[in-house]
Amino acid sequence: MKRRGRELGLPFPGRTGEHNAITDIPGVEVGFCTRIEGNGPLVQGEGPIRTGVTAILPLGRNSEPQPVWAGMYALNGNGEMTGTHWIRDGGYFVGPICITNTHSVGIVHHATVRWMIRNYEEAWQTEHLWSMPVVAETYDGVLNDINGQHLTEDDALKALDSAKPGPVDEGNVGGGTGMICYEFKGGTGTSSRCLEVDGEEFVIAALVQANHGIRPWLTVLGRQVGKSMMEDRLMDEEHGSIIVML
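Read in order, the letters of the sequence shown correspond to residues -8 to 237 in the numbering used here.
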């Protein structure tokens, strides 16, 4: 795994969980499918391919479907996250969360429904349950042949089937493979913090798919380091987005 900020000596505040990852929440598992294929100029339908799928199992692997209490907030409406109408109405969802690229939401949603039916077949057949998984996206078309629609159902199933507890890969993995952040290479990130409230300890954790920001906005430990690295700018205006799972 790549060296992280604390390992490089950056004094980030707070005390982390064991893995400094979303998997420090008991039961949470994370899996990836990463597609990195080809080089050279983009040829639609051929590549290069720099994309993937990130899968989160909020309650791990259970013998029957369990509700996950949830809420959501959108900074703006320029994006897609399936299942949010039910979250707003019912206050929960059932099943995994997947994150991918903008043009692969449909096929990842289809595969996630298949995964849920496969894993909870009896409940779906006898109780007539329905699947409405959460699938979110950001746009990786600068680095990836997004219009080639290279991701398949098998890729999404691979991410779901590979989900596990413990350390979580970051950077160019899963849905974050083709993402750009502050005009540098972005992607998948995760962290956790241990908090004490009224003498009881809690853990809060996040996983992000970062595809946002312009260079001058990059701030590390309160210092605007991006302003000292203004060479080879990629864009003058912010056009990106970020998905945050807490």
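Glycine residues also receive a C-beta, built at the ideal position from the N, C-alpha and C atoms. Because the structure is a prediction, the values reported are computed rather than measured.
- Counting other Cβ atoms within 10 Å of its Cβ, PHE84 reaches 16 or more and is therefore classed as buried.
- GLN215 is classed as exposed because its beta carbon has fewer than 16 other beta carbons within 10 Å across all chains shown.
- For MET72, no alpha helix (DSSP H) run applies, since DSSP gives it neither H nor E.
- Comparing alpha-carbon positions, the option among PRO49, VAL44, LEU134 and ILE108 lying closest to GLY97 turns out to be VAL44.
- Taking one beta carbon from each stretch, the segment -7 to 11 and the segment 176 to 194 have 3 or more pairs nearer than 8 Å; the two touch.
- Looking at the backbone, the Cα of GLY204 and that of TRP121 are separated by about 38 Å.
- THR75 and ALA65 have their C-alpha atoms some 10 Å from each other.
- About 6 Å separates the beta carbon of GLY162 from that of THR179, a gap short enough to meet the 8 Å contact definition.
- In terms of Cβ geometry, GLU144 and HIS101 form a close pair [threshold 8 Å].
- VAL99 and THR91 have their alpha carbons spaced roughly 8 Å apart.
- When the five nearest sequence neighbours on each side are left out, the beta carbons in the same chain lying within less than 8 Å of the beta carbon of ASN110 are those of ARG52, in order along the chain.
- Here ARG79 has no same chain residue with a Cβ atom under 6 Å from its own Cβ, once five neighbours each way along the sequence are excluded.
- Between the alpha carbons of VAL211 and GLU112 lies a distance of about 47 Å.
- Judged by beta-carbon spacing, PHE23 lies beyond the 8 Å limit of GLY169, meaning their Cβ atoms are not closer than that value.
- Of all alpha-carbon atoms in ASN67, THR7, LEU1 and LYS(-7), the one lying nearest the alpha-carbon of ALA197 is that of THR7.
- Rounded to whole angstroms, the separation of the alpha carbons of PRO124 and ASP160 is 23 Å.
- Under the three-state reduction of DSSP output, LEU148 falls in the helix class.
- In the assembly as shown, GLU192 is an exposed residue. Its beta-carbon has fewer than 16 other beta-carbons within 10 Å.
- Only buried fits VAL126, as 16 or more other CB atoms lie within 10 angstroms of its CB.
- Per DSSP, the unbroken alpha helix (DSSP H) holding MET107 starts and ends at 96 to 110.
- In this structure, LYS149 lies away from GLU20, with their beta-carbon atoms at least 8 Å apart.
- When C-alpha distances from ASP227 are compared across PRO56, PRO49 and TRP208, the shortest belongs to TRP208.
- DSSP, reduced to helix, strand and coil, places LYS155 within a strand of the structure shown.
- Membership of GLN200 in the beta strand (DSSP E) is indicated by the continuous run 191 to 202.
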